[in-house]
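Okay, so the sequence shown: first residue is 1 according to our numbering, each after it adds one. Note that CB positions come from ideal geometry on N, CA and C, so glycine has one too. Model, not experiment: these values are computed from the prediction. Some notes on the structure that comes next.
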Amino acid sequence: MSNGNATPAAIELRQVSKQFGDKRAVDGVSLRIPAGSVSGLIGPNGAGKTTTFSMMAGYLEPTHGEVFVLDHRAGATEALKGKLGVLPQDALLPPTEKVGDFLVYLARLQGLDQAEKAVREVLAEVEGSDWWSTPCRALSHGMAKRVGIAQAFLGSPPVVLLDEPTAGLDPKVAHQIRQIIKARRGRCTLVVSSHNLHELEEICDHASILDRGQLVVSGTMAELTASAEEVRVTLARGPVPEDAVRAIAGVTTVAFEPGRRELVVTFDRAAADAEEMIARVLTVLLAQQARISGVSKGRGLEQRVME
């Protein structure tokens, strides 16, 4: 798996461990997050994801190892001032403060020139311009989450960490936040943690998978999901001609996943490359009058994580 050395790292962890009493939450993790990437931090509950995120943000110091952000040690307050924006998962807003006043206060703490102008720009970015005079306690959960993202964007820091930015949101608001994150692509390095693997697959171009405190794998999304020997075809309702597909030259296995209505075809790449195999499979399926609604090569992120 590529370690990303061709691209400078915005964040680097070197043999990082974190101990809480007898429990080792993170165990010898080394990873590099490429500058300019949208990188997903993935792991089930207890994987060490939140602890790793907190060390990147400088909230926790590692028990062993080193964490660097933009070549500075994480937590180096002065060196990273204005260069790192963070949205903690359970960030609370001051209930009696108005949105505009609160964000202007934060902007001034950062030493931003034209603090009010900077705040209006980030509120517009999260579609919250109308909330300037709204008390924080009057915000819905989705609105409060967007205000939190706005504060992370203040001053256009080169690195932004977003911990579970869509957790607990309805699908419409979650979609809006994904669009906000996508709009930042290329303007900074974004690290996004989420339990929603389909969401991360949509917005990220790089990901790191943690399990039981250890790094399982880290790489580009293409590397994590690619499989030169697998083709997936999503079928609409109707017959599934598995036997006809098995008879195709070069095919080694065929499996149908009913829940996804997905036909998974593995093949011998000595017999054909992925594009040629897709053409063969589609030709046979269409001849069998199968109704096709999607085609892909390789695995989804969910399949990669479950391995």
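Boundaries (first-last residue) of the beta strand (DSSP E) holding residue i
{"i": "Leu-200", "result": "Here Leu-200 belongs to no beta strand (DSSP E); instead the alpha helix (DSSP H) covers 197-203."}
{"i": "Arg-232", "result": "230-235"}
{"i": "Leu-210", "result": "206-211"}
Those residues which DSSP pairs with residue i across a bridge
{"i": "Lys-18", "result": "Val-26"}
{"i": "Leu-190", "result": "Val-38, Val-160"}
{"i": "Thr-66", "result": "According to the sequence provided, residue 66 is Glu. The question's Thr does not apply to it. DSSP, once it has assigned bridges, lists Arg-14 as partnering Glu-66."}
{"i": "Gly-85", "result": "Val-160"}
{"i": "Leu-263", "result": "Val-233, Phe-256"}
{"i": "Leu-31", "result": "Leu-13"}
{"i": "Arg-185", "result": "Cys-188"}
{"i": "Arg-73", "result": "Phe-68"}
Residue range of the alpha helix (DSSP H) that includes residue i
{"i": "Thr-252", "result": "Premise fails: Thr-252 lies in the beta strand (DSSP E), 251-257, not in any alpha helix (DSSP H)."}
{"i": "Ile-292", "result": "It is not in any alpha helix (DSSP H) - Ile-292 instead sits in the beta strand (DSSP E) that spans 292-297."}
{"i": "Val-216", "result": "Careful: Val-216 lies outside any alpha helix (DSSP H), inside the beta strand (DSSP E) at 214-220."}
{"i": "Asp-243", "result": "242-246"}
{"i": "Thr-51", "result": "49-57"}
Whole-angstrom C-beta distance between residue j and residue i, which should lie under 8 Å
{"i": "Cys-136", "j": "Val-99", "result": "6 Å"}
{"i": "Leu-235", "j": "Ile-292", "result": "6 Å"}
{"i": "Leu-210", "j": "Val-159", "result": "About 19 Å separates the two Cβ atoms, so there is no contact after all."}
{"i": "Gln-89", "j": "Ala-167", "result": "6 Å"}
{"i": "Gly-186", "j": "Gly-36", "result": "6 Å"}
{"i": "Ile-177", "j": "Leu-190", "result": "In fact, because the Cβ distance is near 12 Å, the residues do not count as touching under 8 Å."}
{"i": "Glu-229", "j": "Arg-269", "result": "5 Å"}
{"i": "Thr-52", "j": "Val-29", "result": "6 Å"}
{"i": "Gly-48", "j": "Ala-74", "result": "The Cβ separation is near 16 Å, so there is no contact."}
{"i": "Asp-22", "j": "Gln-214", "result": "17 Å between Cβ atoms; not a contact."}
{"i": "Ala-290", "j": "Gly-238", "result": "6 Å"}
{"i": "Val-352", "j": "Met-56", "result": "Nothing about residue 352 can be reported from this structure: the residues present for the chain run from 1 to 307 only."}
Near the ligand MG: residue i beta-carbon under 8 Å from a heavy atom
{"i": "Val-173", "result": "No copy of the ligand MG appears in this structure; indeed no ligand is present at all."}
- Three or more C-beta pairs closer than 8 Å, one from the stretch 116-123 and one from the stretch 148-165: is that the case here? Enough Cβ pairs lie closer than 8 Å, so yes.
- Message: So within the stretch 87-175, which uninterrupted beta strand (DSSP E) runs reach at least 3 residues, ignoring any that extend past its ends?
- Response: 159-163
- Spell out a yes or no on whether the stretch 44-54 and the stretch 190-198 are touching, meaning 3 or more CB-CB pairs, one atom from each, closer than 8 Å. yes
- Query: Taking three-plus beta-carbon pairs below 8 Å as touching, is the stretch 265-272 in contact with the stretch 226-246?
  - Reply: yes
- Query: What are the complete alpha helix (DSSP H) segments, minimum 4 residues, inside the stretch 266-293?
  - Reply: 274-287
- Item | At least three beta-carbon pairs within less than 8 Å, the stretch 10-23 to the stretch 126-140 | no
- Spell out a yes or no on whether the stretch 27-43 and the stretch 199-208 are touching, meaning 3 or more CB-CB pairs, one atom from each, closer than 8 Å. With the cut-off at 8 Å, the stretch 27-43 and the stretch 199-208 touch.
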